[in-house]
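Note that full-length UniProt numbering numbers the sequence shown so that position 31 is 31, with each residue one more than the last. Okay, structure first, notes after.
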Amino acid sequence: MRCADFIVKEPMVIGHECARIIEEVGSQIQTLVPSDRVAVEPGISCWPCDHCKLGRYNLCPEMKFFATPPVHGSLANQKNVTGAGAIVVVIWLWTQFC
1 MRCADFIVKE
11 PMVIGHECAR
21 IIEEVGSQIQ
31 TLVPSDRVAV
41 EPGISCWPCD
51 HCKLGRYNLC
61 PEMKFFATPP
71 VHGSLANQKN
81 VTGAGAIVVV
91 IWLWTQFC
């Protein structure tokens with residue numbers, strides 16, 4: 001199967017949009033705690049480039065996305081994300097749409 005310029009040669013998990021419940025956080029994460037419900041940004045930025053530093057990570061030239069080789073998608077049972085990639089979801093939204 002071809003995905004943009006990539007040829008998928010091995011099984012790959014699909015999915016690019018998801019919401020999750022935080023199971024654990026790293027020592028440098030200050031804004032999230034286990035059991036937080038979050039929407040997950042499907043784009044993975046580099047963070048050191050000028051665009052990322054200015055908060056315009058959507059323009060990052062090194063941007064990768066869930067379910068685009070070599071990054072597995074969000075339909076995996078678990079997914080590691082950066083603190084910046086997890087946005088806390090208001091409980092009302094979670095119960096209405098998730």
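Glycine included, every Cβ here is placed at the ideal spot set by N, Cα and C. Remember, it's a predicted structure, so these values are computed and weren't measured experimentally.
**Burial state of Lys9 (16 or more Cβ within 10 Å)** = Residue 9 sits at position 9 when you count from the first residue of the sequence shown. Answer is exposed; the Cβ neighbour count stays below 16.
**Beta-carbon proximity check, residue 174 vs Arg37, cutoff 8 Å** = Since the first residue shown for the chain is 1 and the last is 98, residue 174 is missing from the structure and cannot be characterised.
**Message:** Just to confirm the assignment, what range does the alpha helix (DSSP H) spanning Cys52 have?
**Reply:** As a working mapping, residue 52 is identified with position 52 in the sequence shown. First-last of the alpha helix (DSSP H) with Cys52: 50 to 53.
**Residue of Pro61, Met12, Glu41 minimising C-alpha distance to Cys49** = Working through the sequence shown from its first residue, we reach residue 49 at position 49. That would be Pro61, whose Cα lies nearest to the Cα of Cys49.
**Message:** Rounded to whole angstroms, what is the Cα-Cα separation between His51 and Val40?
**Reply:** The residue you call residue 51 lines up with position 51 of the sequence shown. The residue you call residue 40 lines up with position 40 of the sequence shown. Rounded to the nearest whole angstrom, the C-alpha separation of His51 and Val40 is 20 Å.
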